[in-house]
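Residue numbers (our numbering): 272 to 687.
Ideal placement from N, C-alpha and C gives every residue a C-beta, glycine not left out.
Notes follow the structure.
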Amino acid sequence: MPQNHLIGLLLGAEEDWPTAFEAIARRLGVLTASDGSTHEVSTERVTIEPFNLRDVPRHDLVIDRLAYWYYHPREWLKKVALMDDVYLLNSPFTFQSMEKHSAYCALLRLGMHVPETVLVPYKNPVDNARWAYTSAKYNRGFDLEALANELGYPLFMKPFDGGGWRGVSRIRDAGELNSAYDDSGEMLMHLQESIDGYDVFARALTIGPETMVMKFQPDEPMHNRYAVAHGFLSPETGAEAVTISQTVNAFFRWEFNSCEMLVKDGVVHPIDYANACPDVAVTSLHYYFPWAMAALLRWSTFCVVTGRRARTQVDTDPWFAVADDPELDYAARLGAYQALADDHFDTDRYREFCDTTLRHVDEMVYDWVGSDEFRSMLRSTIQQTYPPHEWERFEAHFGGLVGLWLSDQAAARASS
Ligand SMILES: Nc1ncnc2c1ncn2[C@@H]1O[C@H](COP(=O)(O)OP(=O)(O)O)[C@@H](O)[C@H]1O
Ligand SMILES: [Mg+2]
Numbered sequence: 272m273p274q275n276h277l278i279g280l281l282l283g284a285e286e287d288w289p290t291a292f293e294a295i296a297r298r299l300g301v302l303t304a305s306d307g308s309t310h311e312v313s314t315e316r317v318t319i320e321p322f323n324l325r326d327v328p329r330h331d332l333v334i335d336r337l338a339y340w341y342y343h344p345r346e347w348l349k350k351v352a353l354m355d356d357v358y359l360l361n362s363p364f365t366f367q368s369m370e371k372h373s374a375y376c377a378l379l380r381l382g383m384h385v386p387e388t389v390l391v392p393y394k395n396p397v398d399n400a401r402w403a404y405t406s407a408k409y410n411r412g413f414d415l416e417a418l419a420n421e422l423g424y425p426l427f428m429k430p431f432d433g434g435g436w437r438g439v440s441r442i443r444d445a446g447e448l449n450s451a452y453d454d455s456g457e458m459l460m461h462l463q464e465s466i467d468g469y470d471v472f473a474r475a476l477t478i479g480p481e482t483m484v485m486k487f488q489p490d491e492p493m494h495n496r497y498a499v500a501h502g503f504l505s506p507e508t509g510a511e512a513v514t515i516s517q518t519v520n521a522f523f524r525w526e527f528n529s530c531e532m533l534v535k536d537g538v539v540h541p542i543d544y545a546n547a548c549p550d551v552a553v554t555s556l557h558y559y560f561p562w563a564m565a566a567l568l569r570w571s572t573f574c575v576v577t578g579r580r581a582r583t584q585v586d587t588d589p590w591f592a593v594a595d596d597p598e599l600d601y602a603a604r605l606g607a608y609q610a611l612a613d614d615h616f617d618t619d620r621y622r623e624f625c626d627t628t629l630r631h632v633d634e635m636v637y638d639w640v641g642s643d644e645f646r647s648m649l650r651s652t653i654q655q656t657y658p659p660h661e662w663e664r665f666e667a668h669f670g671g672l673v674g675l676w677l678s679d680q681a682a683a684r685a686s687s
């Protein structure tokens, strides 16, 4: 009898990728690991209900899309991680404590080219009876305009924890600066140097040790933000983007994250890389959606079949040893970080697992993307996302991009 592994999906309002993931997980079949043992994977959507802290969950792994805003299931995730060794994509222990601000700090220490960034105190009084005394005694007055002048205009003002463009503004002068700060209210804000006139906006989605670096167009509407583009970075810059993304994830123990980098004059500036719930909608990723689903399935299957242990806490020592070594230049550091990331994700073993136990997955995903099941998932997502008069247009748009993926895959296979 194959050993069954249950993957829980903790979901919010999404239907597209969970339906897709469930469909390919169903097609996976019986897997044989390198030791000859056999395995099966099944999925189940997690429901929210009272739980006793002594309850034993049935899940081996949970893919979480909800706990970044819904705290009851977040506490359940923490319980199952601490008590039952359930593997989490992602763990709230890391996302709750390590928000965008911490990520900036860590990457700065690791020597990455994070733009100049200043954290300013709250605009509005903090809701605490001790605030008046504390602030009268310890809050130093500061000159917001002088800080902005040092960074130069335009600059960005954005919340220290970030996410979904909430509260982000691009500021061109002192007038906009003051009104944005007034509007920030109870949000804690960074001022950040703007990387203006960048050559490429690279957005990398990383799942376990797999990274897809995509060309991103933030000013386009959602359905057009990811361009289908290959070779838009030099091989060295492309490798740097992968290393930065995997470094962020391995350092913080994030499993499923997107990293935004602005590339200007050959320098890669990471600006946003703490996304607890990265966008994987089929209507955003289109051409890259099959890769994302396959990677999510491959990585979660690797974790459950090999019994990969999750660690709940960050171990900064090996990273800082590289960062603080005066003998190493930037390129040498990147090489050392990539090696640490490969070690963390067990990348060699993962690749071997993909080539043996999961060698049928590419073809299986290819067949599924060409199936009626996929088309009907795409159609119903389009109908839930757009008004009726746009359905036809978007079916042609996304159908065309997915068709392009299918023909690129067929061509790649024919030539290999
Ligand atoms: N330093 C910067 N230079 C240039 N553009 C920026 C900078 N910071 C943010 N942006 C722009 O603003 C968008 C939102 O900022 P980001 O830091 O990604 O916030 P969020 O976490 O809400 O996604 C980015 O995708 C980018 O287009
Ligand atoms: Mg962002």
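Three CB pairs or more closer than 8 Å across the stretch 537 to 553 and the stretch 585 to 594
Output reads no: the stretch 585 to 594 does not touch the stretch 537 to 553.
Using CA atoms only, rank isn't needed, just tell me which of V534, D490, H501 is closest to E511.
Checking every option, the nearest Cα to that of E511 belongs to V534.
Does ligand 1 have even one heavy atom less than 8 Å from the beta-carbon of N546?
Flag set: Cβ of N546 near ligand 1.
Determine the burial state of F527: buried for a count of at least 16 other Cβ atoms within 10 Å of its Cβ, exposed for fewer.
F527 should be labelled buried.
Based on the DSSP secondary-structure assignment, which residues constitute the bridge partners of D543?
DSSP output for D543 lists E531 as bridge partner(s).
Within the continuous alpha helix (DSSP H) that includes Y608, where are the two ends?
First-last of the alpha helix (DSSP H) with Y608: 601 to 616.
Compute the distance between the beta-carbons of L332 and V575, then report whether it is under 9 Å.
Yes. Within cutoff.
Is it right to say E464 is buried, meaning 16 or more other beta carbons lie within 10 angstroms of its own, or is it exposed?
Using a 10 angstroms sphere on the CB of E464, the tally of other CB atoms reaches 16 or more, which defines it as buried.
Report yes or no: do the stretch 309 to 326 and the stretch 541 to 561 share at least 3 C-beta pairs separated by less than 8 Å?
When Cβ pairs closer than 8 Å are counted between the two stretches, the stretch 309 to 326 is seen not to touch the stretch 541 to 561, the count staying below three.
DSSP state of R580 mapped onto helix, strand, coil
R580: coil per DSSP, three-state reduction.
State the beta-bridge partners of V333 as determined by DSSP.
Answer is G279, L359.
CB-CB under 6 Å to M635, same chain, minus the five flanking residues each way: which ones, in chain order?
Only R298 meet the Cβ criterion.
Taking the straight line between their C-alpha atoms, what separation do you get for H384 and V301?
Rounded to the nearest angstrom, the two C-alpha atoms are 46 Å apart.
W639 Cβ short of 8 Å to ligand 2 heavy atom set:
For ligand 2, not one heavy atom lies less than 8 Å from the Cβ of W639.
Using the DSSP secondary-structure output, state which residues sit across from L476 in a beta bridge.
As computed with DSSP, L476 is found in a beta bridge with M483, S529.
Opposite H461 in the DSSP bridges: which residues?
In the DSSP assignment, H461 forms a beta bridge with L390, K429.
Which residues does DSSP pair with I442 in a beta bridge?
Assignment of beta-bridge partners to I442 by DSSP yields L426.
Mind checking whether T365 and R524 have CB atoms under 9 Å apart?
Taking 9 Å as the cut-off, the beta carbon of T365 is found closer than this to the beta carbon of R524.
Consider the C-beta atom of R441 and the heavy atoms of ligand 1; say whether any pair is separated by less than 8 Å.
True, at least one ligand heavy atom lies under 8 Å from that Cβ.
Proximity test, K429 beta-carbon vs ligand 1 heavy atom, cut-off 8 Å:
Correct: K429 has its Cβ closer than 8 Å to ligand 1.
Answer yes or no: the CB of E370 versus the heavy atoms of ligand 2, is any distance below 8 Å?
No.
Tell me, please, whether the stretch 354 to 362 touches the stretch 492 to 499 by the rule of three or more beta-carbon pairs shorter than 8 Å.
As far as the Cβ criterion goes, the stretch 354 to 362 does not touch the stretch 492 to 499, which means the pair count is below three.
With 16 other CB atoms within 10 Å as the buried threshold, where does P273 fall?
It counts as exposed.
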